[in-house]
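Heads up: the sequence lines are chains A and B, in that order. To convert a position in the first sequence, counted from 1, into my numbering, add 122. To convert a position in the second sequence, counted from 1, into my numbering, add 1. All C-beta atoms in this analysis are idealised placements derived from N, C-alpha and C, irrespective of residue type, glycine included. Quick notes on the structure that follows.
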Amino acid sequence: MIFTVAALAILVTILLGLARALLGPTIYDRILAVNMVGTKTSLLIAVVAVVSERTDMIDIALMYALINFIGVVAVLKFISQGNFYTAGKDEHSK
Amino acid sequence: MILVEIISWIFIIAGALLGVAGGIGIHRFPDFYSRLHAVGITDTLCASLFLIGLVMQTGMSIASIKLCLIFILMFFSSPTSSHALADAAFLGGLKPQLDKDDD
Numbered sequence: 123m124i125f126t127v128a129a130l131a132i133l134v135t136i137l138l139g140l141a142r143a144l145l146g147p148t149i150y151d152r153i154l155a156v157n158m159v160g161t162k163t164s165l166l167i168a169v170v171a172v173v174s175e176r177t178d179m180i181d182i183a184l185m186y187a188l189i190n191f192i193g194v195v196a197v198l199k200f201i202s203q204g205n206f207y208t209a210g211k212d213e214h215s216k
Numbered sequence: 002m003i004l005v006e007i008i009s010w011i012f013i014i015a016g017a018l019l020g021v022a023g024g025i026g027i028h029r030f031p032d033f034y035s036r037l038h039a040v041g042i043t044d045t046l047c048a049s050l051f052l053i054g055l056v057m058q059t060g061m062s063i064a065s066i067k068l069c070l071i072f073i074l075m076f077f078s079s080p081t082s083s084h085a086l087a088d089a090a091f092l093g094g095l096k097p098q099l100d101k102d103d104d
């Protein structure tokens, strides 16, 4: 019973985050909302894995958290630089 | 055994409440940086509370070790991504709203 309450709370948080992702004036609000939705989704996967006694799903939650972190950093790099292949403003790349 | 059950329920309920608080905070705060403040903190703590509650539920097994791995990962990666976000936003020229402009 307690897990349904927890899962519903996570779903409400995800919906609020998606609303902010759609409304967000600046692009950084959207990245923030997507980051929050990502971590909450990995929590949701972990809760469902524990409830359904299928412990192999916890690896999926772990992978989701990893990919979410890498995705946020990649998008930030893309925004601040405009492209992926140059090393950065300070290294003078040809 | 009932005590462990109740303690894990308390952790999970606290995590759920914190998550919803972060969700509400992301809408009520006027400016990006205050929203980042709200979400960054509750994101990390809600994840850790949930995972501790889940570890108590699964007891001594491979699954609880994996949950501890997720806990450690979240403990380090969530603040880092919040910092990267704030850094990129500030360098990207997003000025924080210092005072109410309708005075």
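Interface flag, B:V5 vs chain A, CB-CB below 8 Å: Locating residue 5 of chain B in the second sequence gives position 4, where the first residue counts as 1. No - not a single Cβ of chain A is within 8 Å of the one on B:V5.
Counted within 10 angstroms of its Cβ, other Cβ atoms place B:Q58 as buried (16 or more) or exposed: Locating residue 58 of chain B in the second sequence gives position 57, where the first residue counts as 1. Buried, because 16 or more other Cβ atoms sit within 10 Å of the Cβ of B:Q58.
C-beta neighbour in chain E for A:V170, strict 8 Å: The displayed structure is made up of protein chains A and B, and chain E is not among them.
CB contact flag (A:A168, A:I180, <8 Å): Numbered from 1 along the first sequence, position 46 holds the residue referred to as residue 168 of chain A. Numbered from 1 along the first sequence, position 58 holds the residue referred to as residue 180 of chain A. Yes, these two residues count as a Cβ contact at 8 Å.
Min CB distance B:S49 to chain A below 8 Å: For this step, residue 49 of chain B is matched to residue 48 along the second sequence. So, not an interface residue.
Between the CA atoms of B:M61 and B:L18 - distance to the nearest angstrom: As a position in the second sequence, residue 18 of chain B is number 17, starting the count at 1. As a position in the second sequence, residue 61 of chain B is number 60, starting the count at 1. Taken atom to atom, the span from the alpha-carbon of B:L18 to that of B:M61 is near 27 Å.
Chain B contact for A:G139 (CB, 8 Å cutoff): What you label residue 139 of chain A is simply residue 17 of the first sequence in a count that begins at 1. For A:G139, the answer is yes, since a Cβ of chain B falls inside 8 Å of its Cβ.
B:G23 to A:G139 span [Cα, whole Å]: For this step, residue 23 of chain B is matched to residue 22 along the second sequence. For this step, residue 139 of chain A is matched to residue 17 along the first sequence. Between the alpha carbons of B:G23 and A:G139 lies a gap of roughly 9 Å.
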